[in-house]
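Enquirer: Sending over a structure as structure tokens; questions will come in a sec.
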Amino acid sequence: MRRVRVKICGITNKKDLETAVDAGADALGFVVDVPKSPRNVSLDRARDLVEATPPFVQGVIVSVFQTFDHLETLCSCLAPDAVQLAGTLPRDDSIYENVGSARVIGTIAVNDQAVSQAALSLAARCDAVLADSCVPGAYGGTGLPHDWAVSRAIRERIAPTPLILAGGLTPGNVRAAIETVRPYAVDVSSGVEVRPGIKDHAKVRAFIEAVTEAAYGL
191 MRRVRVKICG
201 ITNKKDLETA
211 VDAGADALGF
221 VVDVPKSPRN
231 VSLDRARDLV
241 EATPPFVQGV
251 IVSVFQTFDH
261 LETLCSCLAP
271 DAVQLAGTLP
281 RDDSIYENVG
291 SARVIGTIAV
301 NDQAVSQAAL
311 SLAARCDAVL
321 ADSCVPGAYG
331 GTGLPHDWAV
341 SRAIRERIAP
351 TPLILAGGLT
361 PGNVRAAIET
371 VRPYAVDVSS
381 GVEVRPGIKD
391 HAKVRAFIEA
401 VTEAAYGL
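Every position in the sequence shown, counted from 1, becomes a number in the numbering used here once 190 is added.
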């Protein structure tokens with residue numbers, strides 16, 4: 191058995207946070223300064239949620255890279271374990287001068303085109319790469335899957351940098367996704383919700399159980 195980690199993303203309230211922790215989530219994602227996202231929370235709310243995240247569970251700030259000053263403000267105010275960034279990241283490792291002790295997860299949008307070279311470049315300057323579905327005008331949380339064979343190729347290309355798989359995952363398809371891609375971790379948001387920003391607690395538990403069951407075959 192090879193353990194596959196789980197991040198429950200788009201947490202907006204403490205009740206959902208507690209349910210995800212109790213179900214066995216390894217990490218929780220809090221969307222900050224992404225106004226288009228229905229899961230966006232204020233800086234103050236994000237601080238409360240990060241502080242409520244217990245030891246041994248990672249608190250991850252999810253945002254879009256804007257400027258170094260903006261990034262430094264997020265990380266200094268929230269002190270997350272990791273920061274997950276969409277958008278265009280600097281082409282060198284200067285980003286680490288602005289994140290404190292946080293790990294950096296770079297996001298790549300997967301489409302039908304060859305993206306492995308872009309992923310390799312991203313992997314060279316980030317602690318992990320998150321592969322999400324490519325949807326114009328959106329940075330994630332769309333509920334749409336992509337071709338997992340492409341993500342598998344990315345995972346093989348960027349090794350040993352960890353690949354996190356996202357995009358349209360649900361309790362019903364995550365096992366197949368894991369068997370195909372064999373990622374370091376999986377990331378889910380809309381696939382375990384009642385409505386955008388509010389989690390379905392039964393689906394959260396079912397998702398984590400499905401991941402655990404899939405890991406036994408790896």
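Heads up, the beta-carbon is just placed ideally off N, CA and C, and yes, glycines get one too.
#1: Starting from residue 397, follow the alpha helix (DSSP H) in both directions and report where the run begins and ends.
#2: When you compare each of 296, 343 and 280 to residue 250 by their alpha carbons, which one comes out closest?
#3: Ignoring anything shorter than 3 residues, give me the beta strand (DSSP E) runs that lie fully in the region 235-300, in order along the chain.
#4: Is it the case that the CB of residue 292 approaches a heavy atom of the ligand SAH more closely than 7 Å?
#5: In terms of residue numbering, what span does the alpha helix (DSSP H) encompassing residue 198 cover?
#6: Since residue 206 is in the alpha helix (DSSP H), which residue starts that stretch and which ends it?
#7: Determine contact between the region 240-256 and the region 273-287, defined as no fewer than three beta-carbon pairs at a distance below 8 Å.
#8: In this structure, does DSSP put residue 359 in helix, strand or coil?
#9: Just to confirm, are residue 200 and residue 219 a CB contact at a threshold of 8 Å?
#10: Going by C-alpha to C-alpha distance, which of 372, 348, 350 and 338 sits closest to residue 358?
#11: Identify the residues that DSSP records as bridge partners of residue 320: which are they?
#12: From the DSSP output, in three-state form, read off residue 217 for me.
#13: Is the distance from the Cβ of residue 271 to the Cβ of residue 320 below 8 Å?
#14: In terms of residue numbering, what span does the beta strand (DSSP E) encompassing residue 378 cover?
#15: Got a sec, what are the start and stop residues for the beta strand (DSSP E) residue 384 sits in?
#16: Got a sec? Which residues, its chain only, sit under 7 Å from residue 292 by beta carbon, not counting five neighbours each side?
#17: Which of the three DSSP states, helix, strand or coil, is assigned to residue 224?
#18: Based on the DSSP secondary-structure assignment, which residues constitute the bridge partners of residue 231?
#19: Report yes if the CB atom of residue 240 is closer than 8 Å to the CB atom of residue 217, and no otherwise.
#20: If you check the beta carbons only, do residue 347 and residue 310 fall under 8 Å apart?
Expert: Result, derived from the coordinates:
#1: Looking at the DSSP string, the run of the alpha helix (DSSP H) that includes residue 397 is 391-405.
#2: When each option's Cα is compared against that of residue 250, the closest is 296.
#3: For the region 235-300, the continuous beta strand (DSSP E) assignments of 3+ residues that do not extend past its boundaries occur at 248-254, 272-276 and 293-300, in sequence order.
#4: No copy of the ligand SAH occurs in the structure displayed, which carries no ligand at all.
#5: Segment 195-198 is the beta strand (DSSP E) holding residue 198; no alpha helix (DSSP H) there.
#6: For residue 206, the uninterrupted alpha helix (DSSP H) segment begins and ends at 204-213.
#7: Counting Cβ pairs under 8 Å, three or more are found: they touch.
#8: It is coil, neither helix nor strand.
#9: Yes, these two residues count as a Cβ contact at 8 Å.
#10: Selection 372, 348, 350 and 338 evaluated against residue 358 yields 338 as nearest (Cα-Cα).
#11: Looking at the DSSP assignment, residue 320 forms a beta bridge with 297 and 354.
#12: Residue state, collapsed to three classes: strand.
#13: If you check the CB distance, residue 271 and residue 320 do not come in under 8 Å.
#14: Counted as a single uninterrupted DSSP element, the beta strand (DSSP E) harbouring residue 378 occupies residues 375-378.
#15: Start and end: 383-385.
#16: Scanning its chain for C-beta atoms nearer than 7 Å, with the 5 sequence neighbours on each side dropped, one finds around residue 292 the residues 265, 270, 271, 272 and 273, in chain order.
#17: Under the three-state reduction of DSSP, residue 224 is assigned to coil, being neither helix nor strand.
#18: DSSP, once it has assigned bridges, lists 222 as partnering residue 231.
#19: The Cβ atoms of residue 240 and residue 217 do not sit closer than 8 Å to each other.
#20: In contact: residue 347 and residue 310 (Cβ atoms closer than 8 Å).
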